[in-house]
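In my numbering, the protein residues as written are 263 to 668.
Okay, here's the thing in structure tokens:
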């Protein structure tokens, strides 16, 4: 199953980070920060599949030169020296020599490079051995400034790119806000990925939209972060991990309820169909009446009788179906996830301990609500069949084999 992921964050000195150190770690290389005189050596790092630099017009750039220039171009102690975008590459495109997935990541990087006139360093990573073996992903490190090359082949960084401008500056320039521009980037990644999936005969597709925009009842999980992920792998439960388990349980039960509802509706429809008598048409003699129900293929694949007792204890515990309350609690907790634990006042709702109506009460509710509509639909279908017989001017043939009597 192809999974969508795209996130972005700045590489800033205010958080103690540097572009040189970041690319050394992600690319698994040794590189010296000439501004600080410090060497970062991650050449023994495993899991780096492939790396390449995309630039406007495709001119060649040396990685060491590029990121040292990025650091030297900024003077403030809180300067942003790079921007990182992380994308998930569908594992379906990373089969064999993995060339398709690499090309997908590079083409997306090239699109960003051309649009914003920046250099984009692409590094494709293999899944972590302790994690999901489908988690192929790429780190894209973008320069915060536009890049140019003179006629001698020398590169220089100039003005800040559109991605680093404030919303006020963007508005004055007639450009999209940062939030809207990010949506465009997310859409561009989804569109390009889906093109690759289609071209290679893969039915899976990804969607950049939020659950709300897609009209989904399910809730999205919360981003774990590497620290919580590592603790969970060691068997240590975390607050965000518990939250995601609650959300997954809620989503699972929501799906189960919909499946159960569908089964009950099908069963009730078949049950009503078997009991409904066909009323004589105005143009047909009242002597022509069915004496046995008409068999259909559906009767051969009828699900088990709903008369059997449902053991509610065998079903997973139901979670709240009041979505507004659930979402408001969820958003309140999410808003506090960056607040120190000692200052938090709202705890994530223990949704698993909230019991909903039993499966049997759900059955009775659906049965009452659907019975009238299903009966009307059955009658309408029969009226349509009678109308077709009348319009074709067919005279009923008396045939005892199908229940008519002469």
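Using N, Cα and C, we set each Cβ at its ideal position, and we do this for glycine too.
Only buried fits residue 353, as 16 or more other CB atoms lie within 10 angstroms of its CB. Within the same chain, Cβ atoms closer than 7 Å to the Cβ of residue 376 are found at 318, the five residues on either side in sequence being excluded. With contacts defined by Cβ atoms closer than 7 Å, residue 348 and residue 367 do not form a contacting pair. Of the other Cβ atoms in all chains shown, fewer than 16 fall within 10 Å of the Cβ of residue 418; this residue is therefore exposed. Residue state for residue 482 is assigned as coil, using DSSP reduced to three classes.
Annotated three-state conformation of residue 406 is coil, per DSSP. Assignment of beta-bridge partners to residue 346 by DSSP yields 271 and 403. Around residue 287, the same chain offers 302, 304 and 307 as residues with beta carbons nearer than 8 Å, after the five sequence neighbours per side are excluded.
Cβ-Cβ distances below 7 Å link residue 458 to 355, 362 and 366 in the same chain, with the five nearest sequence neighbours on each side left out; the list follows chain order. The C-alpha of residue 507 is placed about 27 Å away from the C-alpha of residue 525. Residue range 310 to 316 is occupied by the beta strand (DSSP E) that includes residue 314.
Positions of the beta strand (DSSP E) runs, each at least 3 residues long and wholly inside the stretch 409 to 458, are given as 417 to 422 in order along the chain. Within the model, the alpha-carbon separation for residue 414 versus residue 321 is close to 12 Å.
Rounded to the nearest whole angstrom, the CA to CA distance from residue 272 to residue 483 is 23 Å.
Where residue 334 is concerned, the enclosing alpha helix (DSSP H) starts and stops at 325 to 334. Out of 371, 398, 394 and 329, the CA that lies nearest to the CA of residue 357 is found in 398.
In the structure shown, residue 301 adopts extended strand secondary structure according to DSSP, grouped into three states.
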